[in-house]
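Please read the structure below before turning to the comments.
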Amino acid sequence: MSMYGVTYCLSTTYHPQTSGQVKVSNRGLKRILEWTVGENRASWSEKLDDALWAFRTAYKTSIGCTPHKAYWALKHVNFYLKTAEKTKKIHDSKIKNRIFNIGDPVLLFNSCLKIFSGKLKTHWSGPFTITKVFPYGTVELSLPDGLNFKVNGHRVKHYFEGDVPQLVVSDL
């Protein structure tokens with residue numbers, strides 16, 4: 001596959017955004033095949049080359065040209081570095097840099113994916129107390145019974161009285 005420039009990637013389970021573009025492309029290709037094969041759906045393999053040609057040469061509004069033209073234009077790509085740097089600067093200015101100290105009360109985000117979870121339930125549990133702050137954003141939290149565990153700093157937020165009612169922690 002590397003000979004053709006194809007890289008094999010694994011997608012994250014329970015993350016539908018990962019393969020969204022593939023699903024959209026396959027749906028378009030499926031529609032073309034449905035229109036061309038007619039009642040006898042056994043001839044789809046004979047029509048596949050024509051359907052692929054039609055799909056690749058059709059104008060796509062999301063990229064502003066045909067996929068065929070986009071493929072061959074890669075060597076002429078001009079990255080607008082100044083625009084990208086400006087966009088990054090604006091994005092970075094909106095990110096809140098949270099600083100955690102030992103003894104701060106925090107809430108922990110429970111990111112477990114459940115098929116039929118309550119949509120209106122809060123995903124934050126706690127409050128917990130920070131017992132140690134590690135470099136690169138890792139923090140150690142303590143449970144009321146004295147057990148400590150480490151989590152990424154992106155999963156915690158400062159707790160202020162009245163944020164959420166105190167919840168019982170299950171399945172850390």
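Residue numbering for the sequence shown follows this note's numbering, beginning at 1 and increasing consecutively.
From the three backbone atoms N, C-alpha and C, an ideal C-beta is built for every residue, glycine too.
Tell me the residue span of the alpha helix (DSSP H) that contains residue i.
i	result
ASN152	That residue, ASN152, is in no alpha helix (DSSP H); its beta strand (DSSP E) goes 148 to 152.
PHE67	This sequence places Pro at residue 67; Phe is not what is there. Segment 67 to 72, the alpha helix (DSSP H) holding PRO67.
GLY28	20 to 37
Helix or strand or just coil, what does DSSP make of residue i?
i	result
GLU140	strand
PHE55	helix
SER62	coil
THR7	coil
ARG98	coil
GLU46	helix
GLU85	helix
ASP145	coil
Taking its Cβ as the centre, do 16 or more other Cβ atoms sit within 10 Å of residue i, making it buried, or is it exposed?
i	result
ASN195	The chain is shown from 1 up to 172; residue 195 falls before or after that span and cannot be answered.
ILE130	buried
LEU143	exposed
ASN152	exposed
ASN110	buried
VAL22	exposed
TYR8	exposed
VAL156	buried
GLY126	buried
Sort the options by Cα distance to residue i and report the nearest one.
i	options	result
GLY137	TRP44, HIS154, PHE149, SER125	HIS154
TRP124	HIS91, SER43, VAL106	VAL106
PRO135	PHE100, ALA42, PHE55	PHE100
VAL139	PHE160, ARG41, GLY103, THR122	GLY103
ALA54	GLY38, ALA70, GLY28	GLY28
TYR159	VAL133, PHE128, LYS150	PHE128
TYR71	THR57, LEU48, LYS82	THR57
SER62	SER25, GLU161, VAL133	SER25
Taking the continuous beta strand (DSSP E) assigned at residue i, which residues delimit it?
i	result
HIS158	156 to 158
PHE109	105 to 109
THR131	124 to 133
By Cβ distance below 7 Å, which residues in the same chain neighbour residue i in space, the five residues on each side in sequence not counted?
i	result
LYS60	THR66, PRO67
LYS47	LEU33, THR36, VAL37
ALA51	LEU29, ILE32, LEU33, THR36
Using beta carbons (cut-off 8 Å, strictly below), is residue i in contact with chain B?
i	result
LYS150	Looking for chain B here will not work: only one protein chain is present.
For residue i, which residues from the same chain have a beta carbon less than 6 Å from its beta carbon, with the 5 sequence-adjacent residues on both sides left out?
i	result
ASN148	THR131, GLU140, SER142
Comparing the CB of residue i with every heavy atom of the ligand NAD, is any distance shorter than 7 Å?
i	result
GLU161	As for the ligand NAD, it is missing from this structure, which has no ligand bound.
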